[in-house]
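In the order they appear, the protein sequences are chains A and B.
If you count the first sequence from 1, you need to add 381 to reach our numbering.
If you count the second sequence from 1, you need to add 5 to reach our numbering.
Structure record follows, encoded as structure tokens.
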Amino acid sequence: MPTTRNIDEAAMRRGARAITQLATIALIVCGALAAPAFAQSGDKVKGAEIYAQRCAWCHGEKGDGQGPGAARLVPPPRDFTFGLYKIKSSGFDELGAREDDLIRMIRDGMPGTSMPGWKDVLSEQDIRDVTAHITTFVELDKPKKQVDYGTRIATSAESIEQGKKLFLEGDRCSECHGKEGKGDGIKSLKDDAGFRTWPRNLTKPWTFRASNDPKDIFARITNGIPGTQMPSFVEPASKDKLTIEQRWHIANYVASLGKTGMRVRPERTVIRAAKLEGEVPTTPEDARWKQAEPATFFLVPQLIAKERFFTPSNDTVTIRALYGDKDIALLLEWDDRTKSIPGDERAEKIADPEIAEDRIAVQLPVEIPKGMEKPYFIMGDAAHPVTLWQWSSGTTKTAESAALAVARGIEKVEARAAAAGGLTAKGAYRDGTWRVVMKRPLAAGDPKDDIRFAEGVFIPIAFSAWDGSNGEKESRHTLTTWYWLLLEPPRGNRPLFAALGVFLLIVGGEAWWARAATARRPRES
Amino acid sequence: MARRIPRLAQAVLTIVGIYGAFRLVFDVLLGQPIPSSLLTMYMFFVVAGVYMVFTFTEESTRELVAPIRALVEDPRRKPIRNVVFALTPLLAAWFTYAGLQPRIEAPVELRSIHPAPPSSVKMFGKRFDLLKLEKEEPKKFRQLVAEGAKVYVENCHFCHGDKLDGRGPYAEGLNPVPMSFQDVGTIAQLQESFLFWRIATGGPGLPADAAPWISSMPVWETFLSEEEIWKVILFLYDYTGHRPRLWSENADHSKH
């Protein structure tokens, strides 16, 4: 939940959503009762109207995926003139998807893309109509077959173990999806239309276009993802061909990869730094990071000021914090498919030119705000400067590095040496994930440029990230809005003493009351 | 006839009932829990109010406290009294202890959605009279709306959503959340010139009473021409089917 409320607006929206949900349920129930009437296909003419109003600005008037919105979308909107659909449960050797597949994508949308679900504005019949219209962009026979699911193998430890073996065997899936499934394979992939595609990060099932139900994953493994390099694993020519049973095992394994702990929890807007005895950790591997509660935030592309950026690859960042008597340390962790080291031959081959270093930055106000007034969330403003802690991944010639800056607005950024504020940073890349530790004394540097930390107060904090293999540098990057950092004071004895005091006070009062009552009684009766 | 509920029980039931209603409406129905600091404040007023109502006359006061007095003074109730007397200090001690634990809730920042614009807003005037245009020059109107749609999908849908419902692909990462134009509480309540001002000057253009000034709404005058801003406004009204508030209703942009 955002901490800033748009008074009544958010609540109204939720109310409205509840009503739409009810309406949808009602519709589904009616739909089920009236099934025969709905089963006939949609009306192309009505569909064309809906398409012109709702879909053409992305998918193009002619269905060629060239609507005005297309240029700034990753992935690009589907070009309907090929009849290739990503999510299909028809036969692997048939072109086109079943009507149900299309209806499902239109109704529920495709997570991780700008294709929204339309069920809240279009009725079931509208969706059938628009589906009928889409299929007029290309002459195709209706698919007749359906994926053969055989008998589903329920998930179990053994099935997952077998699936893992098949996933890694001969680099079958890990070739593209990486050893841990984070999509950090070493290949540069393009889809049929020549657009850059990235293998899915299988540990983030909420970004799957379909779902991570093993049945859905089974269908993807069977049919591949048409139009992209995700191959079909039933193609007779494929040397990696898989039987039905093997596909269920892999599907169960992939479904088990979801790291729900890394999912953004909107109500978690505070990074809680616990207090440690002694020194704070200086490396990402330090076991004490387990004591810190992680908080994950969305990274949003910088589409607000200066040169804007529309095609991000990083999507979330997870933060942990710990502090001691002298220092504070932050662990920043984010999935990045590419380790971008300029000069490194392999890195340059995968990267979109021009490769740059991967970077991350922490933004804090120079002065902890007393009231609600915070600095502007991108680089502060003239009256409210921010301090930036930056880390860069290094090149083949220079090592990773830390730097400081103080900013009084987007155009007014002053670089400073990390040493001036006592900042140190250390990063490590493994299997598709960067982990970077930044450390600084609680009070250091110049009060004009550097924050002094205080226990027990909410300190605004924000982050920016750059994926150097995705053309990100300078103002082309991803960022978060303000969240909070809290240095949680150790819980002393005060609450205990206060509780004891209250206890004794009340017991005393009760004793006095009871005595007074007993003393009075004989007189009254 | 059924026995009357004792006054004390009535008072307690009323308070619990109101508390339950708060929880039900906000947590369950709206899915947006009230921050506990706010709830504590509300409940303080509720308790005070109930107390005043129930102690309005001397008799009603006596009736209210009678069960408590009886509990302490009636020797037959001694066992119950002992239990109550043991539980009360324990509970109070527990609440004190829990209450003094470091506060863990982030500060709540309420913002007024439609702050009064600076007086210079009127300056922008109106370039297109939407209603007139729609009636008198439908063809030109459709053309302008189509151009506005292009501006929208190239610039705004990332936050405000393809369906203009405030749920664009990046909306979840923004705080405060982008406005839903489908909502009757936004553009239907406003005049075109107000929209022009908000779009042209964005989050940084918000006046002081729109604290905490952290809106991510971009400053569109740096990216769009005046013409383009008017077209996107036409589009917003056309797509949602809302109509701008008329000038005659005028004057104050009351806060919502």
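Glycine is no exception: its CB is placed at the ideal position from the N, C-alpha and C atoms.
Chain B contact for residue i (CB, 8 Å cutoff)
i, result
"threonine 641 (chain A)", "no"
"tryptophan 682 (chain A)", "The sequence as given places proline at residue 682 (chain A); tryptophan does not occur at that position. Closer than 8 Å: yes."
"alanine 900 (chain A)", "no"
"phenylalanine 908 (chain A)", "The structure shown does not extend to residue 908 (chain A), since chain A is modelled only from 382 through 906, so no value can be given for it."
"lysine 755 (chain A)", "yes"
"leucine 408 (chain A)", "Here the model assigns leucine 408 (chain A) a pLDDT of 47, short of 50, so the residue's position is not dependable and the matter cannot be decided."
"threonine 862 (chain A)", "yes"
"arginine 727 (chain A)", "no"
"arginine 488 (chain A)", "no"
"leucine 881 (chain A)", "yes"
"serine 694 (chain A)", "no"
"tryptophan 438 (chain A)", "yes"
"threonine 603 (chain A)", "no"
"alanine 801 (chain A)", "no"
"leucine 823 (chain A)", "no"
"isoleucine 388 (chain A)", "With a pLDDT of 41 at isoleucine 388 (chain A), under the threshold of 50, the predicted position of this residue should be treated as unreliable, though the coordinate-derived value follows. Yes, isoleucine 388 (chain A) lies at the interface with chain B (some Cβ there is under 8 Å from its Cβ)."
C-alpha distance - residue i paired with residue j, whole-angstrom precision
i, j, result
"methionine 486 (chain A)", "valine 21 (chain B)", "46 Å"
"phenylalanine 878 (chain A)", "glutamate 869 (chain A)", "20 Å"
"lysine 425 (chain A)", "threonine 512 (chain A)", "8 Å"
"glutamine 148 (chain B)", "glycine 166 (chain B)", "22 Å"
"glutamate 726 (chain A)", "phenylalanine 548 (chain A)", "27 Å"
"leucine 659 (chain A)", "tyrosine 704 (chain A)", "According to the sequence shown, residue 659 (chain A) is glycine rather than leucine. Rounded to whole angstroms, glycine 659 (chain A) to tyrosine 704 (chain A) spans 9 Å at the Cα level."
"asparagine 180 (chain B)", "cysteine 164 (chain B)", "11 Å"
"aspartate 667 (chain A)", "valine 818 (chain A)", "10 Å"
"asparagine 874 (chain A)", "alanine 636 (chain A)", "47 Å"
"leucine 115 (chain B)", "methionine 184 (chain B)", "15 Å"
"arginine 857 (chain A)", "tryptophan 579 (chain A)", "19 Å"
"isoleucine 192 (chain B)", "valine 156 (chain B)", "18 Å"
"isoleucine 204 (chain B)", "glycine 444 (chain A)", "31 Å"
"alanine 799 (chain A)", "proline 828 (chain A)", "15 Å"
"valine 698 (chain A)", "glutamate 714 (chain A)", "6 Å"
Three-state secondary structure (DSSP) of residue i
i, result
"isoleucine 842 (chain A)", "strand"
"serine 850 (chain A)", "helix"
"threonine 462 (chain A)", "coil"
"isoleucine 39 (chain B)", "coil"
"tyrosine 704 (chain A)", "strand"
"glycine 441 (chain A)", "coil"
"isoleucine 409 (chain A)", "Residue confidence for isoleucine 409 (chain A) is low, a pLDDT of 49 falling below 50, so the modelled location carries little weight; the figure read from the coordinates is stated next. It is helical."
"arginine 488 (chain A)", "helix"
"alanine 710 (chain A)", "strand"
"proline 746 (chain A)", "strand"
"threonine 60 (chain B)", "coil"
"glycine 808 (chain A)", "strand"
"valine 158 (chain B)", "helix"
"proline 524 (chain A)", "coil"
"phenylalanine 758 (chain A)", "coil"
"isoleucine 118 (chain B)", "coil"
"methionine 184 (chain B)", "coil"
Contact with chain A by residue i, beta-carbon distance below 8 Å
i, result
"tyrosine 56 (chain B)", "no"
"leucine 229 (chain B)", "no"
"isoleucine 85 (chain B)", "no"
"alanine 205 (chain B)", "no"
"leucine 105 (chain B)", "yes"
"phenylalanine 90 (chain B)", "yes"
"proline 174 (chain B)", "yes"
"tyrosine 102 (chain B)", "yes"
"leucine 241 (chain B)", "no"
"glycine 22 (chain B)", "no"
"histidine 162 (chain B)", "yes"
Cβ distance (whole Å) where residue i is taken to contact residue j below 8 Å
i, j, result
"lysine 586 (chain A)", "glycine 639 (chain A)", "In the sequence under discussion, the amino acid at residue 586 (chain A) is proline, which differs from the lysine named in the question. That belief holds up - the Cβ atoms of proline 586 (chain A) and glycine 639 (chain A) are roughly 4 Å apart, short of 8 Å."
"proline 72 (chain B)", "proline 11 (chain B)", "6 Å"
"proline 223 (chain B)", "alanine 686 (chain A)", "7 Å"
"serine 694 (chain A)", "aspartate 739 (chain A)", "With a Cβ gap of about 11 Å, serine 694 (chain A) and aspartate 739 (chain A) do not count as contacting."
"glycine 178 (chain B)", "leucine 680 (chain A)", "7 Å"
"tyrosine 56 (chain B)", "phenylalanine 27 (chain B)", "At roughly 18 Å, the Cβ-Cβ gap does not stay under 8 Å, so tyrosine 56 (chain B) and phenylalanine 27 (chain B) are not in contact."
"glycine 839 (chain A)", "alanine 111 (chain B)", "Checking the sequence, you will find phenylalanine at residue 839 (chain A) rather than glycine. With a Cβ gap of about 6 Å, phenylalanine 839 (chain A) and alanine 111 (chain B) count as contacting."
"glutamate 561 (chain A)", "aspartate 848 (chain A)", "With 8 Å as the limit, glutamate 561 (chain A) and aspartate 848 (chain A) do not qualify as a contact, their Cβ atoms being about 18 Å apart."
"isoleucine 541 (chain A)", "asparagine 633 (chain A)", "5 Å"
"aspartate 507 (chain A)", "glycine 498 (chain A)", "Actually they do not touch by this definition, with Cβ atoms about 13 Å apart."
Worksheet entry | Any alpha helix (DSSP H) of 4 or more consecutive residues that is wholly inside the region 562 to 645 of chain A | Every unbroken stretch of the alpha helix (DSSP H) spanning 4 or more residues and falling wholly within the region 562 to 645 of chain A is given here in chain order: 595 to 604 and 625 to 637.
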